[in-house]
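Let me begin by presenting the structure, written as structure tokens, before commenting on it.
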Amino acid sequence: MLHHCRVSFPGSTVYESEQLYWSLQQAELQPECRVTPISAEDVSITIQVIKSQGCQFAVKSGGHACFSGASNIESAVVIDLSNLDQINISSDKTEVSVGAGTLWSDLYPVMDAAKNGVIGGRVVGIGVGGLTLGGGISFHSGRYGFACDNVNNYQVVLANGSIRDVNRASYPDLYWALRGGGNNFGIVTRFDLASFEQGDMWGGTTTSNATELPNAIEALVNLNINHASDPFAAVFLVYVYIPSIESPLVSFTLDYGKPVINPPIFENFTKIPAIFADLRIATLTSLINGTEESQPSGLRESYWTLTILNDADLINEISKIFDQELQNIRNATNLLPALVFQPISEPMISHFSKNGGNALGITKEDGPLILINIAIQWTDITDDARIIAFAENCVARSTTLAKQRNLWHRFLYQNYAALQQDVFPSYGKENHERLVEISKKYDPDGVFVRLQPGYFKVY
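Given below as structure tokens:
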């Protein structure tokens, strides 16, 4: 029945070529077989066979999650969507239909050539599927919201094998749930994304000495407050420890949706003395290709997250917590730990309610917010326990401090969360209960919860 699919087994060239994952923890798992469909119909047949046999499975889009089991699985079946990589731009250039196995870094050259844009990932190697189902922050989010807010239609294979076009008109409840609900409802095989006119941009990265961190934080907080004055701006701030110099550095990535050099909204950033700067007019493809060096594959990885209100003093204190906890892991092999701050501004949040809203549980009254990502790379498995303890301690201490100052927000961003973090309750009680209800409605046997154990589950 799966003659159109490529089914591969351990030891084969095809199997080994598809065992490529960003994080080493994912790549270490050895599935019994890998199924690579070329159509939604293939996915439908695969799910029906898996369900009838009671097999456990995982689904891979880009494979960019950190923790073991997110999109790979030991001694079971992986459905690898990498051959679902079609890209079709509508004749009026207002929509692009994208296969769920497409990488953003493969989509962007096509969009750039058409002078068209979409809301998508900001680094090389990220898949359309995982990023979009988890929310999806973009360089264009100030104008359009998250990636999940810009999907016109999802083609979804449900647990019974049926293939549905899910949009606000056809299945409004499921459409809402897919906007941040992850892999709990079906396998999305195609995303019909809203697109818009987009030419060259201005942006890149600058790096400064750690002494400039307070100035960079102040600039970030001010931009978050004033983002409505120029939503073409995007920024994230990285405080990263560099073992080779035994010191942290401050790096910020600036991106502007027009080919304008040094736009005024970035003045507080560009006036900070830099030891390295690569700011230029370029296509989005060129700008994200510059991230590849900081996002190499094949290393051990861990992401953790929390969300706070937009407060410079608290951000500075959280940076000090990071420094203090870092003393316990500084000699870990090939260590690269980073503390990343980025705005969830009021202009971004204003788009969360369009087309019936998303499931994330953030309202305009909540903003502006700061999303924090603790991102760690290393290579030695014997360092795992203390690195996880480092991240847990950073999150726990930062959360306690934020709560003490009434500056904590419950939201946990799925795409940055660790397996140990409970994502869906962070969307709020009402949204969480609604997600559970919708999951049970469209998947009454719990196929995507019980047989697909990896990643975050609504129940």
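Counted from 1, the sequence shown has number 408 at position 408 by UniProt numbering; the numbering is strictly sequential.
Backbone N, C-alpha and C define an ideal beta-carbon position, used for all residues, glycine too.
#1: Residues in its own chain within less than 7 Å of R405 by CB, not counting five upstream and five downstream?
#2: Pull up the DSSP beta-bridge partners for M201, would you.
#3: Taking only the alpha-carbon atoms, compute the straight-line gap between I119 and K271 and give it to the nearest angstrom.
#4: Around the C-beta of D92, are 16 or more other C-beta atoms found within 10 angstroms, so that it is buried, or is it exposed?
#5: Measure the C-alpha to C-alpha separation of T206 and P10 and round it to an integer number of angstroms.
#6: Evaluate N88 with the Cβ neighbour count: other Cβ atoms within 10 Å of its Cβ, from every protein chain shown; 16 or more gives buried, anything less gives exposed.
#7: Quick check for students: name the residue ranges of the beta strand (DSSP E) that lie wholly in the stretch 365 to 444, counting only runs of 3 or more.
#8: Does the beta-carbon distance from P273 to N222 come in below 9 Å?
#9: What does the Cβ neighbour count give for N116, buried or exposed, with the cut at 16 atoms within 10 Å?
#10: Work out the CA separation of D255 and G203 for me, nearest whole Å.
#11: In this structure, how does DSSP classify T102 when only helix, strand and coil are distinguished?
#12: Just confirm the distance between the C-beta atoms of V340 and F266, as a whole number of angstroms; I'd bet it's less than 8 Å.
#13: Closest to N289 by C-alpha separation, out of G125, I387, A216 and Q421, would be which residue?
#14: Can you tell me which of the three DSSP states V221 falls into?
#15: By the DSSP assignment, the beta strand (DSSP E) with A40 in it spans what residues?
#16: Just to confirm the assignment, what range does the beta strand (DSSP E) spanning L451 have?
#17: Candidates G142, L158 and P296: which alpha carbon is nearest A375's?
#18: Is V123 near S8, with beta carbons less than 9 Å apart?
#19: Let me see if you follow: with CB-CB separation under 9 Å, is N152 close to chain B or not?
#20: Take I47 as the anchor and find which of K457, F448, P453 and G454 has the nearest alpha-carbon.
#21: Can you give me the C-alpha to C-alpha distance between V14 and V78, rounded to a whole angstrom?
#22: Given this structure, state the Cα-to-Cα distance separating L435 from A219, to the nearest angstrom.
#23: Which residue marks the beginning of the alpha helix (DSSP H) containing N316, and which one marks its end?
#24: Using DSSP bridges, identify the partner residues of E301.
#25: If you follow the alpha helix (DSSP H) that Q19 is in, where does it begin and where does it stop?
#26: Could you give the residue range of the beta strand (DSSP E) that holds N88?
#27: Can you tell me the Cβ-Cβ gap for V250 and L306, rounded? I've got them flagged as a contact below 8 Å.
#28: Of all the options L299, F352 and A177, which has the alpha carbon lying nearest to the alpha carbon of P27?
#29: Could you name each continuous alpha helix (DSSP H) segment of 4 residues or more that falls completely within the stretch 111 to 182, going from the start of the chain to the end?
#30: Which stretch, first to last residue, makes up the beta strand (DSSP E) that contains F269?
#31: Going by the DSSP bridge assignment, what does P343 pair with across the sheet?
#32: Between A159, V156 and S138, which has its C-alpha nearest D149's C-alpha?
#33: Could you round the C-beta distance between H227 and I308 to whole angstroms and report it? I think they count as a contact, below 8 Å.
#34: So the candidates are D200, F456 and V240; which of them puts its Cα closest to the Cα of T211?
#35: Assuming contact is defined by CB atoms lying nearer than 9 Å, are S345 and N224 in contact in what I supplied?
So, to answer that:
#1: Counting from 1 along the sequence shown, the entry for residue 405 is found at position 405. For R405, where only same-chain residues beyond five positions count, the Cβ hits under 7 Å are L314.
#2: Sequence index remark: in the sequence shown, residue 201 carries index 201 (1-based). DSSP output for M201 lists A282 as bridge partner(s).
#3: Here residue 119 corresponds to residue number 119 of the sequence shown, with the count starting at 1. Here residue 271 corresponds to residue number 271 of the sequence shown, with the count starting at 1. Each residue's Cα considered, the two are about 29 Å apart.
#4: For the purposes of this step, residue 92 is identified with residue 92 of the sequence shown, where counting begins at 1. D92 is exposed by the Cβ-count criterion.
#5: Along the sequence shown, read from residue 1 onward, the residue named residue 206 stands at position 206. Along the sequence shown, read from residue 1 onward, the residue named residue 10 stands at position 10. Spanning the two alpha carbons is a distance of roughly 44 Å.
#6: Locating residue 88 in the sequence shown gives position 88, where the first residue counts as 1. Label assigned to N88: exposed.
#7: 369 to 378
#8: For this step, residue 273 is matched to residue 273 along the sequence shown. For this step, residue 222 is matched to residue 222 along the sequence shown. The answer is no: Cβ separation not under 9 Å.
#9: On the sequence shown, residue 116 is found 116 positions in, with the first residue counted as 1. N116 is buried by the Cβ-count criterion.
#10: For the purposes of this step, residue 203 is taken as the residue at position 203 of the sequence shown. For the purposes of this step, residue 255 is taken as the residue at position 255 of the sequence shown. The C-alpha of G203 lies about 4 Å from the C-alpha of D255.
#11: Your numbering for residue 102 matches position 102 in the sequence shown. In the structure shown, T102 sits in coil (DSSP, three-state: anything other than H, G, I, E or B).
#12: Your numbering for residue 340 matches position 340 in the sequence shown. Your numbering for residue 266 matches position 266 in the sequence shown. At roughly 18 Å, the Cβ-Cβ gap does not stay under 8 Å, so V340 and F266 are not in contact.
#13: What you label residue 289 is simply residue 289 of the sequence shown in a count that begins at 1. Measuring from the Cα of N289, the nearest candidate turns out to be G125.
#14: Residue mapping note: residue 221 aligns to position 221 of the sequence shown, counting from 1. Three-state result, V221: helix.
#15: Within the sequence shown, residue 40 is the residue found at index 40, counting from 1. Segment A40 to Q53 is the alpha helix (DSSP H) holding A40; no beta strand (DSSP E) there.
#16: For the purposes of this step, residue 451 is taken as residue 451 along the sequence shown, with counting starting at 1. Counting along the chain, L451 falls outside any beta strand (DSSP E), and DSSP gives it neither H nor E.
#17: Within the sequence shown, residue 375 is the residue found at index 375, counting from 1. Put simply, of G142, L158 and P296 the residue whose alpha carbon is nearest the alpha carbon of A375 is P296.
#18: In the sequence shown, the residue the question calls residue 123 occupies position 123. In the sequence shown, the residue the question calls residue 8 occupies position 8. No. Outside cutoff.
#19: Although the question refers to chain B, the structure presented lacks it and comprises just one protein chain.
#20: Translated into positions along the sequence shown, residue 47 becomes position 47. Nearest of K457, F448, P453 and G454 to I47, Cα basis: F448.
#21: Locating residue 14 in the sequence shown gives position 14, where the first residue counts as 1. Locating residue 78 in the sequence shown gives position 78, where the first residue counts as 1. The alpha-carbon separation between V14 and V78 amounts to approximately 13 Å.
#22: As a position in the sequence shown, residue 435 is number 435, starting the count at 1. As a position in the sequence shown, residue 219 is number 219, starting the count at 1. Between L435 and A219, the C-alpha separation is close to 37 Å.
#23: Within the sequence shown, numbered from 1, the residue matching residue 316 stands at position 316. Segment A312 to L326, the alpha helix (DSSP H) holding N316.
#24: Locating residue 301 in the sequence shown gives position 301, counting from the first residue. According to DSSP, E301 bridges with Q377.
#25: As a first step, residue 19 is located in the sequence shown; it is residue number 19 there, counting from the start. Premise fails: Q19 is in no alpha helix (DSSP H) and is neither H nor E.
#26: As a first step, residue 88 is located in the sequence shown; it is residue number 88 there, counting from the start. Element bounds for N88: I87 to I89.
#27: Reading the sequence shown from its first residue, position 250 is the one you call residue 250. Reading the sequence shown from its first residue, position 306 is the one you call residue 306. For a cut-off of 8 Å, the C-beta gap from V250 to L306 is around 20 Å, too long to register as a contact.
#28: Position 27 of the sequence shown holds residue 27. As written in the sequence, residue 27 is Ala, which differs from the Pro given in the question. Of L299, F352 and A177, the residue nearest in Cα terms is L299.
#29: With a minimum length of 4 residues, the continuous alpha helix (DSSP H) runs that stay inside the stretch 111 to 182 are 128 to 134, 141 to 144 and 172 to 178.
#30: Position 269 of the sequence shown, counted from the first residue, corresponds to residue 269. Segment E267 to T270 is the alpha helix (DSSP H) holding F269; no beta strand (DSSP E) there.
#31: Within the sequence shown, numbered from 1, the residue matching residue 343 stands at position 343. DSSP lists I370 as partners of P343.
#32: For the purposes of this step, residue 149 is taken as residue 149 along the sequence shown, with counting starting at 1. Considering only alpha carbons, the answer is S138.
#33: Translated into positions along the sequence shown, residue 227 becomes position 227. Translated into positions along the sequence shown, residue 308 becomes position 308. In fact, because the Cβ distance is near 17 Å, the residues do not count as touching under 8 Å.
#34: Taking the first residue of the sequence shown as position 1, residue 211 is located at position 211. Of the candidates D200, F456 and V240, the one whose C-alpha sits nearest the C-alpha of T211 is V240.
#35: For the purposes of this step, residue 345 is identified with residue 345 of the sequence shown, where counting begins at 1. For the purposes of this step, residue 224 is identified with residue 224 of the sequence shown, where counting begins at 1. Yes, these two residues count as a Cβ contact at 9 Å.
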